[in-house]
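Per the working numbering, residue 1 is the first one in the sequence shown, and the count goes up by one each step.
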Amino acid sequence: ADKVVVGLNTDEFIREFKGTSPIMSYGERERSLLNCSYVDDVVPNAFGNDSKPTILSIKPTVIAVGDDWAHKDYFKQMSFTLEWLAEQKIVLVYIPYCRGISTSEIKRRVLKTNG
């Protein structure tokens, strides 16, 4: 049976990559994802910016990322190549990004509401 397993970046990874702490902690983001009926499990992407160990532990056949990454260097951030994915028999697919809501938009709304 197919399962949806989310590899979730740790707070430390986000701080290192973005230079700021996430709005929601790892635990909060994990609980939100586990409350989605289509998510079967959440595992931490706890190997810095080398996600290969996490990917290999999950053993996916598909990795899905938001299409907002289509024009960014997703491979560099996650430290793998399209060739490496092919060797692992993993397909990368881009899914439509949820337009109109983002961390930046949530921050803007909070600041607008709370001054």
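Each residue gets a CB set at the ideal place from its N, CA and C atoms; glycine is no exception.
With C-beta atoms as the reference, is residue i less than 8 Å away from residue j?
i: D67; j: Y97; result: yes
i: V91; j: I58; result: no
i: D40; j: S79; result: no
i: A64; j: I95; result: yes
i: K89; j: T61; result: yes
i: S130; j: R15; result: Because the chain in this structure spans residues 1 to 115, residue 130 falls outside the shown range and cannot be described.
i: I23; j: T113; result: no
Taking only beta-carbon positions, decide if residue i is within less than 8 Å of chain B.
i: V5; result: Within the model displayed, chain B is absent; a lone protein chain is all it includes.
Using C-beta distances below 7 Å, list every residue in its chain close to residue i, excluding the 5 sequence neighbours before and after it, in chain order.
i: L34; result: V42
Report the three-state DSSP secondary structure of residue i (helix, strand or coil).
i: G7; result: strand
i: G27; result: helix
i: S32; result: helix
Within a Cβ cutoff of 6 Å, which residues of the same chain sit near residue i, ignoring the five residues on either side of it in sequence?
i: K76; result: none
i: A46; result: T10
Got a sec? Which residues, its chain only, sit under 8 Å from residue i by beta carbon, not counting five neighbours each side?
i: W84; result: K52
Q: Any chance you could list the beta strand (DSSP E) runs of at least 3 consecutive residues sitting entirely within the stretch 37-115, in chain order?
A: 41-45, 62-66, 91-95
Q) Is the stretch 39-59 touching the stretch 7-15 in the sense that three or more CB pairs, one from each, lie closer than 8 Å? A) Between the stretch 7-15 and the stretch 39-59 there are three or more C-beta pairs closer than 8 Å, enough to call the two in contact.
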